[in-house]
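Residue numbers (the working numbering): 607 to 801.
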């Protein structure tokens, strides 16, 4: 390679780095990415993000009729005295919740009661738009969106949408949900149209 080609490669590399840096700055300032000053914060966010998934899997075990499996899945996700609450559609969010429970086992019993009374044969809970705010090394808040399908014996489904609001703490080095509130905004029965 000649001296001229090294200079050309150097200029192209400099332009590429400048463009990449500018793109990262735009993404940062536009709010698409957040700077993580410490590695511990990123690690905390990754561990906390598993909690809503744990909850959905436990709830769907209960939805399949396996209450004990649901309780077993819930157990590592919640503080033993976690406070759980739900606002059903139409209940004002600034008033008392529709139902509450202390501890994941009590919540699992409540969920199983609702599912059994409603006659559901299976459920599928999808959790998305997870937003985590790590306050410090032992506290965080999290919100996530719910889209849940509940299957009825007649082939119709009840669809629920809402938002979970959580307070999360670290217990013996493991992140757990301390307080979870579900605010349901819709609950709709859908069926297959008749031909």
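Ideal Cβ positions, reconstructed from N, Cα and C, are used throughout, including at glycine. Nothing here was measured: the structure is a model prediction, and the numbers come from that model.
Would you mind sorting residue i into buried or exposed? The rule is 16 or more other CB atoms within 10 Å of its CB.
i: residue 788; result: buried
i: residue 740; result: buried
i: residue 781; result: buried
i: residue 797; result: exposed
i: residue 761; result: exposed
i: residue 664; result: buried
i: residue 734; result: exposed
With DSSP as the reference, identify every bridge partner of residue i, one or two as the case may be.
i: residue 730; result: 755
i: residue 770; result: 750 and 788
i: residue 783; result: 684 and 774
i: residue 718; result: Note: residue 718 sits in no beta bridge, so no partner.
i: residue 711; result: DSSP lists no partner for residue 711.
i: residue 804; result: Since the first residue of the chain shown is 607 and the last is 801, residue 804 is not available in this structure.
i: residue 742; result: 745
i: residue 764; result: 756 and 795
Could you check the C-alpha separation between residue i and residue j for me, to the nearest Å?
i: residue 692; j: residue 706; result: 7 angstroms
i: residue 675; j: residue 699; result: 31 angstroms
i: residue 758; j: residue 662; result: 19 angstroms
i: residue 650; j: residue 743; result: 8 angstroms
i: residue 645; j: residue 654; result: 14 angstroms
i: residue 745; j: residue 770; result: 17 angstroms
i: residue 590; j: residue 702; result: The first residue shown for the chain is 607 and the last is 801, placing residue 590 beyond what the model contains.
i: residue 721; j: residue 677; result: 15 angstroms
What does a CB cutoff of less than 7 angstroms around residue i pick up in its chain, not counting 5 residues either side in sequence?
i: residue 666; result: 729, 730 and 731
i: residue 773; result: 747, 784 and 785
i: residue 679; result: 660, 663, 664 and 667
i: residue 709; result: 686, 687 and 688
i: residue 871; result: Not covered by the structure: residue 871. The range shown for the chain is 607 to 801.
i: residue 716; result: 705 and 707
i: residue 673; result: 714 and 718
Starting from the Cα of residue i, find the closest Cα among the options and give me that residue.
i: residue 768; options: 696, 760, 713 and 778; result: 696
i: residue 778; options: 721, 685 and 711; result: 685
i: residue 755; options: 651, 646, 793 and 745; result: 793
i: residue 719; options: 652, 709 and 671; result: 671
i: residue 753; options: 649, 659 and 645; result: 659
i: residue 727; options: 669, 770 and 648; result: 669
i: residue 795; options: 725, 770, 776 and 775; result: 725
i: residue 711; options: 681, 721 and 702; result: 681
Tell me which same chain residues have a C-beta within less than 6 angstroms of the C-beta of residue i, skipping the five on either side of it?
i: residue 713; result: 690 and 707
i: residue 657; result: 683 and 783
i: residue 632; result: Because the pLDDT at residue 632 is just 45, under 50, the model does not fix this residue reliably, and the value given afterwards should be weighed accordingly. Correct list: empty, nothing qualifies.
i: residue 694; result: 704 and 790
i: residue 776; result: 744
i: residue 764; result: 756 and 795
i: residue 766; result: 754, 790 and 793
Excluding the 5 residues flanking residue i on each side, which residues of the same chain have their C-beta closer than 8 angstroms to its C-beta?
i: residue 737; result: 748, 749 and 750
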